[in-house]
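Structure first, commentary second.
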Amino acid sequence: MVSVRDTRHAQMFPVFTASEIATLERFGEERLYRDGEYLARAGEKGDAAFVIKSGRVVVTGQGHEGPIAIHDPGSFSGEISQLSGRPFLVDAQAEGDTKVLVLNSERLRHVLVSEAELGERIMRALILRRVGLLEDGVGGPVIVGPAENGGVLRLQGFLSRNGHPHQRLDPENDASARTMLEGVPEDEWPLVICPSGDILHNPSEDQLARCIGLVRAIDPNRLYDVAIVGAGPAGLAAAVYAGSEGLSAIVLDCRSFGGQAGASARIENYLGFPTGISGMALMARAFNQAQKFGVEMAIPDEVQRLSREEDGFTLHLANDEILRARAIIIATGARYRSLGLNNLSGFDGTSVHYWASPLEAKLCSAQEVALVGAGNSAGQAAVYLAANAKKVWLLARRGLEATMSRYLIDRIAAQPNIEVLTKTEITALEGENGILQAVRWRDGDGEESRHEMRHLFLFIGADPNTDWLGASGLKLCEKGFIATDDFASDAARPLETNIPGIFAIGDVRSGSVKRVAAAVGEGAQVVAQLHSYLAAQQAVPA
Ligand SMILES: Cc1cc2nc3c(=O)[nH]c(=O)nc-3n(C[C@H](O)[C@H](O)[C@H](O)COP(=O)(O)OP(=O)(O)OC[C@H]3O[C@@H](n4cnc5c(N)ncnc54)[C@H](O)[C@@H]3O)c2cc1C
Numbered sequence: 001m002v003s004v005r006d007t008r009h010a011q012m013f014p015v016f017t018a019s020e021i022a023t024l025e026r027f028g029e030e031r032l033y034r035d036g037e038y039l040a041r042a043g044e045k046g047d048a049a050f051v052i053k054s055g056r057v058v059v060t061g062q063g064h065e066g067p068i069a070i071h072d073p074g075s076f077s078g079e080i081s082q083l084s085g086r087p088f089l090v091d092a093q094a095e096g097d098t099k100v101l102v103l104n105s106e107r108l109r110h111v112l113v114s115e116a117e118l119g120e121r122i123m124r125a126l127i128l129r130r131v132g133l134l135e136d137g138v139g140g141p142v143i144v145g146p147a148e149n150g151g152v153l154r155l156q157g158f159l160s161r162n163g164h165p166h167q168r169l170d171p172e173n174d175a176s177a178r179t180m181l182e183g184v185p186e187d188e189w190p191l192v193i194c195p196s197g198d199i200l201h202n203p204s205e206d207q208l209a210r211c212i213g214l215v216r217a218i219d220p221n222r223l224y225d226v227a228i229v230g231a232g233p234a235g236l237a238a239a240v241y242a243g244s245e246g247l248s249a250i251v252l253d254c255r256s257f258g259g260q261a262g263a264s265a266r267i268e269n270y271l272g273f274p275t276g277i278s279g280m281a282l283m284a285r286a287f288n289q290a291q292k293f294g295v296e297m298a299i300p301d302e303v304q305r306l307s308r309e310e311d312g313f314t315l316h317l318a319n320d321e322i323l324r325a326r327a328i329i330i331a332t333g334a335r336y337r338s339l340g341l342n343n344l345s346g347f348d349g350t351s352v353h354y355w356a357s358p359l360e361a362k363l364c365s366a367q368e369v370a371l372v373g374a375g376n377s378a379g380q381a382a383v384y385l386a387a388n389a390k391k392v393w394l395l396a397r398r399g400l401e402a403t404m405s406r407y408l409i410d411r412i413a414a415q416p417n418i419e420v421l422t423k424t425e426i427t428a429l430e431g432e433n434g435i436l437q438a439v440r441w442r443d444g445d446g447e448e449s450r451h452e453m454r455h456l457f458l459f460i461g462a463d464p465n466t467d468w469l470g471a472s473g474l475k476l477c478e479k480g481f482i483a484t485d486d487f488a489s490d491a492a493r494p495l496e497t498n499i500p501g502i503f504a505i506g507d508v509r510s511g512s513v514k515r516v517a518a519a520v521g522e523g524a525q526v527v528a529q530l531h532s533y534l535a536a537q538q539a540v541p542a
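Numbering (the UniProt record's numbering), first residue to last: 1 to 542.
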């Protein structure tokens, strides 16, 4: 496989000129590391970037034979985790006495923002290095368990969605994995070995995220200018504009960054990407961009309630933490609908899927799968899965014409291994222990048939994520989306809700266009309105 190391090596490991190093000297401090001394240890926190002035730094990581990188004078050691002060994913060690210029995360962000060209080269290198770690499966936690185990799939999905490298040891082909699992009851599988050395037994996503430093404790005394709930395209766009315009901002998401867009196999109608782009790639760029502007990320962190205070609002999180902000932007989007079948939840995440990422595509390789839905997301997923699967049954209650774009209908028609069945409904799922064995469906003539398969995909729409707003006093429309019409305390703030200082953007907003571009547009728009609200607040005499 061609890797990013082969194709973009020079961009991944730039060598700075003397004048660029002189510029960086304004931001960093010089430090001497003795031969063998560590600049960075996986799982620990520390400085963000080390520019080598003399000597050498060797980077190694779990899961990689030999050095991952060797940095000589003019090069720099660093990875995107450190931009936001998260733990190192790899070890970096001095070879010979080594003099470096050290930049902490705040200083590194200053370079990225204030030194456009140099900043661009550094940012690109940081992103490519993360891509390299993901490609090689180097660094991050080690998941020990069989490939089809529900917990393994759940945790791998969580780490992949968050763009976090990890490795897996399978007892099928790894003796050390068999030894580790010996005597551990199966309901405690998988084991997860964190870079800190902690071992977790079948952890929740939240436990894993805390153990690997993805999410940190929130300071309850800090008053942010704005808290953005939801890290889909709308929330991330708001974060980029808020951060770049100097507001102190924090983004919370209960799952991962990217929202529904992050689950899209290929977005082909987003402006500026004529060949299309995977939702995950687009969202990862936005996520990194927001962090470049100093926006804090609290992912996964679920907001359960919001309350009004004298100086702003308090968000109450599922882990009992609280967060205070002058204003709130709600960008919680929508959640996928499921089918009303009794035993369906038992297959969620293992055999029933609501998105089609490379992980699911691999699971379905050379198999027959069924996909329910008639919208664009269903069409995209069917085409994507068909590249790997033996056959994709596309099941819809009505014809596709009313709900799917013409280009997708044409593409499906041209794909020999996709069979479209309209007026068809799933009637039963068969299987046990989370593993689907067969799906039954009834076609337009009332004929029921049974089809053996391991994986079923549901793309049947979404409901707004507004349950958590029950006691907030926010006005919702009859379908549960947040209303922003007619309430604005100031006509210049059309995205404000009936509660001044709380804004709603993206799919969660009543009347919004359910598209990535629309969500991003509202994210940009809301920040101007936020400035207007904050300015008005400051103008109010105490
Ligand atoms: C498979 C698929 C393919 C698609 N393809 C396209 C396409 O090709 N082109 C296009 O334009 N659009 C496409 N869409 C639609 C597009 O993705 C959405 O319109 C867009 O993502 C909406 O963005 P959003 O930020 O408003 O909400 P979302 O993307 O839904 O993000 C909301 C976020 O809020 C988080 N959240 C919810 N509740 C809470 C809570 N209580 N606390 C903390 N966080 C919370 C969620 O975890 C989620 O990450 C697709 C959608 C899907 C599902």
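Beta carbons are placed, not taken as given, at the ideal position from N, Cα and C, and that holds for glycine. The model shown is predicted, which means the values in this text are computed figures rather than measured ones.
Cβ atoms of valine 226 and alanine 327 come within 8 Å of each other, at about 5 Å. The beta-carbon separation of glycine 145 and tryptophan 189, rounded to 5 Å, stays under the 8 Å limit for a contact. Boundaries of the alpha helix (DSSP H) around phenylalanine 287: 279 to 292. In this structure threonine 7 is exposed. Its beta-carbon is surrounded by fewer than 16 other beta-carbon atoms within 10 angstroms.
Runs of the beta strand (DSSP E) spanning 3 or more residues and lying entirely within the segment 382 to 428 occur at 391 to 395, 418 to 421, in chain order.
If you check the C-beta of phenylalanine 313 against ligand 1, you find no heavy atom less than 7 Å away. A direct Cα-to-Cα measurement between alanine 217 and alanine 374 gives close to 42 Å.
When only Cα atoms are considered, valine 372 and alanine 242 end up about 38 Å apart.
Here the alpha carbons of alanine 238 and alanine 519 stand approximately 9 Å from one another. Within 7 Å of the C-beta of glycine 259 there is at least one heavy atom belonging to ligand 1.
DSSP places lysine 362 in no beta strand (DSSP E) but in the uninterrupted alpha helix (DSSP H) bounded by 358 to 363. According to the DSSP assignment, alanine 242 belongs to the alpha helix (DSSP H) that extends over 233 to 244. Isoleucine 435 is bridged by DSSP to Glu432.
The segment 423 to 432 makes contact with the segment 327 to 347: 3 or more CB pairs, one atom from each, lie closer than 8 Å. Counting only residues of its own chain and dropping the five nearest sequence neighbours on each side, histidine 451 has a CB closer than 8 Å to the CB of Glu368, Ala370, Trp393, Ala438, Val439, Arg440, Trp441. A contact is defined here as three or more CB-CB pairs under 8 Å, and the segment 309 to 320 fails this definition with respect to the segment 276 to 283. Closest by C-alpha distance to serine 114, out of Asp463, Leu456, Ser244, Thr424, is Ser244.
Per the DSSP secondary-structure output, phenylalanine 457 pairs in a beta bridge with His353, Leu371. Alanine 414 counts as exposed, since fewer than 16 other C-beta atoms from the protein chains shown sit within 10 angstroms of its C-beta.
In the structure shown, glutamine 260 falls within a helical segment according to DSSP collapsed to helix, strand and coil. Between asparagine 288 and the set Leu236, Lys53, Asp198, the nearest pair of CA atoms involves Leu236. Check the Cα spacing between leucine 155 and each of Ser204, Gly140, Arg210, Glu25: the tightest is with Ser204. Counting C-beta pairs with one atom in each stretch, the segment 38 to 57 and the segment 94 to 112 have three or more that are closer than 8 Å, which means they touch.
Residue Ile329 holds the alpha-carbon nearest to the alpha-carbon of arginine 509 among Gly61, Gly150, Ile329, Glu448. Within 10 angstroms of the beta-carbon of glutamate 65 lie fewer than 16 other beta-carbons, which makes it exposed.
In the three-state reduction of the DSSP assignment, glutamate 522 falls in the helix class. Take isoleucine 322, set aside five residues on each side of it, and the residues of its chain with a beta-carbon closer than 8 Å to its own are Ile218, Pro220, Thr314, Leu315, His316, in chain order. 8 Å or more divides the Cβ of glycine 262 from the Cβ of alanine 331. Less than 8 Å separates the beta-carbon of glycine 96 from that of arginine 56. Secondary structure at arginine 5: helix, using DSSP grouped into helix, strand and coil. Per DSSP, isoleucine 228 is one residue of the beta strand (DSSP E) stretching across 223 to 229.
Around the beta carbon of phenylalanine 273, fewer than 16 other beta carbons lie within 10 angstroms, which makes this residue exposed. Histidine 164 places its beta carbon 8 Å or farther from that of glycine 132.
Judged by the Cβ position, proline 233 qualifies as a neighbour of ligand 1 at the 7 Å threshold, a heavy atom of the ligand being closer than this. Using a cutoff of 7 Å, the CB of threonine 332 counts as near ligand 1, since one of the ligand's heavy atoms is closer than that.
Taking the Cβ of alanine 239 as the reference point, every heavy atom of ligand 1 lies at 7 Å or farther away.
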